[in-house]
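Peer 1: Dropping the structure in here first, questions after.
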Amino acid sequence: MYLICASRLNAIPAPTSAAAAANAVQQAASSSTMAPLNADLLQITLNENAPAPDFEKLVFGQKFSPHMLIVEWNHKSGWGVPQIQPYGPLSLSPAAPVLHYASGLFEGMKAYRSADGSGKIRLFRADKNMERMNRSAARAGLPTFDGEEFIKLIKTLVRIDRDYVPHGEGQTLYLRPTLIGTPDTLGMGVPTEAKLYCICSPVGNYYSSGTGSKPVSLLAPTDVVRAWPGGTGCYKLAANYAGATRPAMDALLEGYHQVLWLFGPDRQLTEVGAMNLFIVFRDQGVDSESTRYEVATAALDDGTILPGVTRDTILSLLRAYKAGNVQIEGLPKPELIDVVERKVTMDEIIEKAEKSQIAEVFGSGTAAVVCSVDKIGFEGMDIPIPIQADGMGAFMRTMLREVTGRQWGAIPCPEWSTVC
1213 MYLICASRLN AIPAPTSAAA AANAVQQAAS SSTMAPLNAD LLQITLNENA
1263 PAPDFEKLVF GQKFSPHMLI VEWNHKSGWG VPQIQPYGPL SLSPAAPVLH
1313 YASGLFEGMK AYRSADGSGK IRLFRADKNM ERMNRSAARA GLPTFDGEEF
1363 IKLIKTLVRI DRDYVPHGEG QTLYLRPTLI GTPDTLGMGV PTEAKLYCIC
1413 SPVGNYYSSG TGSKPVSLLA PTDVVRAWPG GTGCYKLAAN YAGATRPAMD
1463 ALLEGYHQVL WLFGPDRQLT EVGAMNLFIV FRDQGVDSES TRYEVATAAL
1513 DDGTILPGVT RDTILSLLRA YKAGNVQIEG LPKPELIDVV ERKVTMDEII
1563 EKAEKSQIAE VFGSGTAAVV CSVDKIGFEG MDIPIPIQAD GMGAFMRTML
1613 REVTGRQWGA IPCPEWSTVC
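The numbering of the sequence shown is the working numbering, which starts it at 1213 and goes up by one.
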């Protein structure tokens, strides 16, 4: 254990009303007396009773590493001393707004054991997670922080728990950075206290069968929506996920794996489950060498789509390939591919499915990287989606290889993959 004491901080007078509280928090956030998040102040208390790593039968989110990272914040002094301590329950008021008003948000990241056998542990595009987490915090009225400092703290946490990063192919240490509002009050307003923390969970290979991808079926209901313009769909807020739970259960009861979220009277395709969605259309040429492809995903312009890190990675790779800046095997010629962010409606899906102009559909996200779709249920009918023998299409298969190669360091990509 090592200990570095925090310096004394100037206090801001306590507010006397709800309006004063909000004003005080806003003033404090821009005050030079507020302590910023500082990784150099880290205190570490090691878990002396840490269990041995157990990577048998890894089920998502059910096993945890022996340490956690936590930092307290309040509107008077700012960020407190970061602590890495044994994993365990949080101390929380039963009146905390996170419990009543969903004043909370989170991120999903992974730590990867390098593919070269060096034992190095890597993070992938952690800066994008921090950018999104801060945008979510600002939208929820929770405190923002220096993302680079938080990454330093997370890297230290991962180094301490490096033995809990699985060695198996496709297995990782899942990281869950979380920010919650915690003041002891039922008053509804901008939280005056918060906890920023990160826990870690060893997780298995999504493609555990070893035979490829198992496609999922989607139900596209018309009576529920995930998000709407001006709402919070583009932020990773806890409240967004609570509202998606019952529709997901209903889809399972009807024999489908996940929900395909639609929006608007024209029934736009937005997301699938908790993943971004990609549709690959094809315009058949005179032969396979002249068939054109359009890779489409919903645009981010109306605030209903979560800006996924994997989504951005796939778009970046495809656009770099089309521009001739990167070589990628397994795809059609660059000049035959268009990569677009646009509105896709169910009417278009039905029409193009009937004309065999859909090449493949897949979701993207941190958990699976990519996940193929073989069927969409809509208004009493099932729309079949083409799938190859291994459960993947050419674009999904290629993106799985290219993205995971960079995540594990098999494909050099220093601007995206960093060592802890």
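Don't be surprised by glycine CBs; every beta carbon is placed ideally from N, CA and C. Computed from a predicted model, the values in this text were never measured in an experiment.
With 16 as the cutoff for other CB atoms within 10 Å, does R1458 come out buried or exposed?
Peer 2: exposed
Peer 1: When we look at the beta-carbon of Q1619 and count the other beta-carbons within 10 Å, is it buried (16 or more) or exposed?
Peer 2: buried
Peer 1: With a threshold of 7 Å (Cβ to nearest heavy atom), would C1446 be considered close to the ligand NAD?
Peer 2: With respect to the ligand NAD, the structure offers nothing, as it holds no ligand at all.
Peer 1: P1248 and G1290 look like a contact to me (Cβ under 8 Å); what is the Cβ gap, rounded to whole Å?
Peer 2: 7 Å
Peer 1: Whole-angstrom Cβ separation of I1491 and V1615, contact assumed at under 8 Å?
Peer 2: No, I1491 and V1615 are not in contact; Cβ-Cβ is about 18 Å, not under 8 Å.
Peer 1: Looking only at its chain, what residues have a beta carbon closer than 6 Å to the beta carbon of R1504, apart from the 5 residues adjacent to it on each side?
Peer 2: D1495 and L1548
Peer 1: Suppose you measure from the CA of G1589 to the CA of A1579; what does that come to, to the nearest Å?
Peer 2: Distance between the alpha carbons of G1589 and A1579: 24 Å.
Peer 1: Using DSSP with H/G/I as helix, E/B as strand and the rest coil, what is D1514?
Peer 2: coil
Peer 1: Whole-angstrom Cβ separation of V1551 and V1507, contact assumed at under 8 Å?
Peer 2: 5 Å
Peer 1: Apart from the five residues just before and just after A1532, which ones in its own chain have a Cβ nearer than 8 Å to its Cβ?
Peer 2: V1538
Peer 1: Starting from the Cα of E1546, find the closest Cα among D1559, L1449, V1556 and F1607 and give me that residue.
Peer 2: In the sequence under discussion, the amino acid at residue 1546 is Pro, which differs from the Glu named in the question. It is F1607.
Peer 1: Can you have a look at D1513 and say buried or exposed, based on whether 16 or more other CB atoms are within 10 angstroms of its CB?
Peer 2: Exposed is the label assigned to D1513, since fewer than 16 other Cβ atoms lie within 10 Å of its Cβ.
Peer 1: Leaving out five residues on either side along the sequence, give the residues of the same chain with a beta carbon under 7 Å from the beta carbon of D1375.
Peer 2: So the list reads P1265, once near-sequence residues are dropped.
Peer 1: Using the beta-carbon count (16 or more within 10 Å), is G1542 buried or exposed?
Peer 2: exposed
Peer 1: Using the rule of at least 16 other Cβ atoms within 10 Å of the residue's Cβ for burial, across every protein chain shown, is D1274 buried or exposed?
Peer 2: Reading the sequence as shown, one finds Gln at residue 1274 and not Asp. Sixteen is the threshold: since fewer than 16 other Cβ atoms of the shown chains lie within 10 Å of the Cβ of Q1274, the residue is exposed.
Peer 1: Residues in its own chain within less than 8 Å of A1565 by CB, not counting five upstream and five downstream?
Peer 2: I1595, P1596 and I1597
Peer 1: Using the beta-carbon count (16 or more within 10 Å), is N1452 buried or exposed?
Peer 2: buried
Peer 1: Please state the DSSP three-state secondary structure of A1622.
Peer 2: Shown here, A1622 sits in coil according to DSSP, grouped into three states, outside any helix or strand.
Peer 1: List the whole-angstrom C-beta distance separating V1377 from A1327, where the pair is believed to meet the contact cut-off of C-beta under 8 Å.
Peer 2: Not quite, the Cβ-Cβ distance comes to about 13 Å (not below 8 Å), so this is no contact.
Peer 1: Classify D1252 as buried or exposed, calling it buried when 16 or more other Cβ atoms lie within 10 Å of its own Cβ.
Peer 2: exposed
Peer 1: Within its chain, find whatever has a CB closer than 6 Å to the CB of I1623; leave out the 5 residues flanking it on each side and keep chain order.
Peer 2: G1617
Peer 1: Is the beta carbon of R1334 sitting closer than 8 Å to the one on T1630?
Peer 2: yes
Peer 1: Rounding to the nearest angstrom, what Cα-Cα distance links A1460 and M1246 in this structure?
Peer 2: Their backbone Cα atoms lie some 42 Å apart in a straight line.
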